[in-house]
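Here the protein sequences line up with chains A and B, keeping their order. Letter by letter, the first sequence follows residues 915 to 1093 in this note's numbering. Letter by letter, the second sequence follows residues 915 to 1093 in this note's numbering. No residue lacks a Cβ here, since even glycine has one placed at the ideal position from N, Cα and C. Since this is a predicted model, take the numbers as computed values, not measurements. Before any comments, here is the structure.
2 protein chains.
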Amino acid sequence: MDRELLLLGLLRRQEMHGYQLHEFINQNLASCVNLKKSTAYFLLDRMAEAGWMVETESQEGNRPPRRVYQLTPAGEAAFQRLLRANLAAHEPARFAGDIGLAFLDALPPAEARDCLLRRRAQLAADLEAAARIPEHAGSMQWVIDHLRHHLASELEWLDRVIAQITTSIESHDHEEEES
Amino acid sequence: MDRELLLLGLLRRQEMHGYQLHEFINQNLASCVNLKKSTAYFLLDRMAEAGWMVETESQEGNRPPRRVYQLTPAGEAAFQRLLRANLAAHEPARFAGDIGLAFLDALPPAEARDCLLRRRAQLAADLEAAARIPEHAGSMQWVIDHLRHHLASELEWLDRVIAQITTSIESHDHEEEES
DNA sequence: TTTTCCATGTAACTCGTTACATGATTTC
DNA sequence: GAAATCATGTAACGAGTTACATGGAAAA
Chain A
915 MDRELLLLGL LRRQEMHGYQ LHEFINQNLA SCVNLKKSTA YFLLDRMAEA
965 GWMVETESQE GNRPPRRVYQ LTPAGEAAFQ RLLRANLAAH EPARFAGDIG
1015 LAFLDALPPA EARDCLLRRR AQLAADLEAA ARIPEHAGSM QWVIDHLRHH
1065 LASELEWLDR VIAQITTSIE SHDHEEEES
Chain B
915 MDRELLLLGL LRRQEMHGYQ LHEFINQNLA SCVNLKKSTA YFLLDRMAEA
965 GWMVETESQE GNRPPRRVYQ LTPAGEAAFQ RLLRANLAAH EPARFAGDIG
1015 LAFLDALPPA EARDCLLRRR AQLAADLEAA ARIPEHAGSM QWVIDHLRHH
1065 LASELEWLDR VIAQITTSIE SHDHEEEES
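Next up, the structure:
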């Protein structure tokens, strides 16, 4: 229901058509949501059928006709309900990248380090990209703040893992020297 | 492919049957993976057909017969490939809870704060639960370390959000007093 | 003149969960 | 005697993505 909440929240401020909504999300919230066009259209259709919003066909000049969606009182009620539920719940994140870490010792430390350094490079690039995102109005800025805080925390942690592997490589080297 | 990697990694150390694998994952890695029984059986079947493992029917006493899976060289190769890919990539996490935050200003600050305090309680409980997880052998401990680091970071950040709302409630109160 | 943008959608597919079925055995 | 454990699976469903289709207008 999070995607529905997102669409409702955007339509609440201003009526919009599907293409416009998708564009806004992709440009401003790409960091935290990845909503495809087809999905957006599908959800809007379904919410309109549920009575949460009404469609109005509109055409400007020779451009393709647009379906503009406008929230109904039922839609506003749904928004309020979904918003409270979302805010009150802590949805634990799942890190697919952890599965690899569980088997880190299956690789020679030097190779493991190489892999993790590549992961680190991507993470650092993401963090830099996040630092360059312009300010958002109002509470939408929290999303950016969270992203930055999270990425910084991830980088810090990954560096600890890499450091640990590096010391294990060094001690391995010493053993080789001694033997 | 992360679930496949997980099953391969476990079978690599020791041959196991489906029930056993699912139980191990649910007891030891529930914090980061949520693999259902049916899914586990399905994936094992598919990987066996792909030649990554061989099945052996075995029966102990009157217990139901078990399908024990054993890695083949092809399975080991797949494991190596998937492991490197997993370690080298940074899979950005998506936080569904951020969508609500984007519309925080749609709620009266006091109510927003109430919701977030409930979120905080769950998060704090998760963090405590993570603190109580016993040590894992070898690099599997990294998964627990990551979970703890992440949850602590999340709590820190959420407290900043709550603090900010609290001050906005207080300044609102002052305005009420003055008027 | 080909590509990109605008604007909407459908159909097929993947991934994974839920609910259900089976049947013996052990525990309460 | 009822419920939980062991052990495997199937069928149906749901959420979401991918690929594709359409067709005019603006930009390269």
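TODO: Can you say whether A1045(A) is buried or exposed, counting buried as having 16 or more other CB atoms within 10 angstroms of its CB?
DONE: exposed
TODO: For E974(B), count neighbouring Cβ atoms within 10 angstroms of its own Cβ and tell me buried if that reaches 16, exposed if not.
DONE: exposed
Task: Contact residues within the region 1004-1029 of chain A, judged by C-beta distance below 9 Å to chain B - done: H1004, E1005, P1006, A1007, R1008, F1009, A1010, G1011, D1012, I1013, G1014, L1015, A1016, F1017, L1018, D1019, A1020, L1021, E1025, A1026, D1028 and C1029
Open item on the list: Starting from Q1036(A), trace the alpha helix (DSSP H) in both directions and tell me its first and last residue.
Closed with: P1023 to R1046
Task: Cβ pair count under 8 Å reaching 3, the region 1023-1030 of chain A against the region 998-1012 of chain B - done: yes
Open item on the list: With DSSP as the reference, identify every bridge partner of R980(A), one or two as the case may be.
Closed with: S972(A)
Open item on the list: Taking only three categories from DSSP, how would you classify M930(A)?
Closed with: strand
- [ ] In angstroms with no decimal places, state the Cα-to-Cα distance between L933(B) and N948(B).
- [x] Correcting the residue identity first, residue 933(B) is Tyr in this sequence and not Leu. Their Cα atoms are separated by approximately 15 Å.
Open item on the list: Output needed for L1069(A): all residues of its chain with C-beta closer than 8 Å, excluding positions within five of it in sequence on either side, in chain order.
Closed with: R1034, L1037, A1038 and L1041
Open item on the list: Starting from A999(A), trace the alpha helix (DSSP H) in both directions and tell me its first and last residue.
Closed with: P987 to A1002
Task: Own chain partners of V1057(B) with C-beta closer than 6 Å, once the 5 adjacent residues on each side are dropped - done: C946
Task: CB contact below 7 Å: Q1036(B) versus chain A - done: yes
Open item on the list: Which residues does DSSP list as the beta-bridge partners of M1114(B)?
Closed with: Here chain B has residues from 915 to 1093 only, and residue 1114(B) is not among them.
Open item on the list: My output table needs one value for A1010(A): the three-state DSSP class, helix, strand or coil.
Closed with: coil
Open item on the list: Please report the straight-line C-alpha distance between N940(B) and A988(A), rounded to a whole angstrom.
Closed with: 40 Å
Task: Pick from S1067(B), E971(B) and E963(B) that is closest to H931(B), judged by C-alpha positions - done: E971(B)
- [ ] Report yes if the CB atom of D959(A) is closer than 7 Å to the CB atom of I1013(B), and no otherwise.
- [x] no
Open item on the list: Spatial neighbours of D1059(B) within its chain, please: C-beta separation below 6 Å, excluding the five flanking residues on both sides.
Closed with: none
TODO: Starting from N1000(B), find everything on chain A with Cβ-Cβ shorter than 7 Å and list it in chain order.
DONE: G1011, I1013 and G1014
- [ ] Check each residue of the region 956-989 of chain A: if its Cβ is closer than 9 Å to any Cβ of chain B, include it; give the result in chain order.
- [x] none
Open item on the list: With H, G and I counted as helix, E and B as strand and the rest as coil, what does DSSP make of E944(A)?
Closed with: Looking at the sequence shown, residue 944(A) is not Glu but Ala. Three-state DSSP puts A944(A) in coil, outside helix and strand.
Task: chain A contact for L920(B) (CB, 7 Å cutoff) - done: yes
Open item on the list: Give me, in chain order, the residues of the same chain whose beta-carbon lies closer than 8 Å to that of L925(B); leave out the 5 immediate sequence neighbours on both sides.
Closed with: L935, M967, Y983, Q984, L985 and G989
Open item on the list: Checking 7 Å against the spacing of the C-beta atoms, do H1063(B) and W1071(A) come in under that value?
Closed with: yes
TODO: Kindly indicate if chain A contains any beta-carbon less than 7 Å away from that of R1062(B).
DONE: no
Task: Through-space distance from G1011(B) to L1021(A), alpha-carbon basis - done: 36 Å
Open item on the list: Given this structure, state the Cα-to-Cα distance separating A992(A) from E969(B), to the nearest angstrom.
Closed with: 50 Å
TODO: Measuring alpha carbon to alpha carbon, tell me which of L997(B), L943(B), T1080(B) and S1085(B) ends up nearest P1048(B).
DONE: L943(B)
Open item on the list: Output needed for E929(B): all residues of its chain with C-beta closer than 6 Å, excluding positions within five of it in sequence on either side, in chain order.
Closed with: V982 and Q984
TODO: Give a yes or no on whether 7 Å exceeds the smallest Cβ distance from S1067(A) to chain B.
DONE: yes
- [ ] Output, in chain order, the set of chain A residues within a Cβ distance shorter than 7 Å of D916(B).
- [x] A1010 and I1013
Task: Residue nearest to E918(A) in terms of C-alpha spacing, selected from A1016(A), E937(A) and T953(A) - done: T953(A)
- [ ] Give me the Cα-Cα distance between R1016(B) and G965(B), rounded to the nearest whole angstrom.
- [x] With the sequence shown as reference, residue 1016(B) is identified as Ala, and Arg is not the correct amino acid for it. The straight-line gap from Cα to Cα measures roughly 48 Å.
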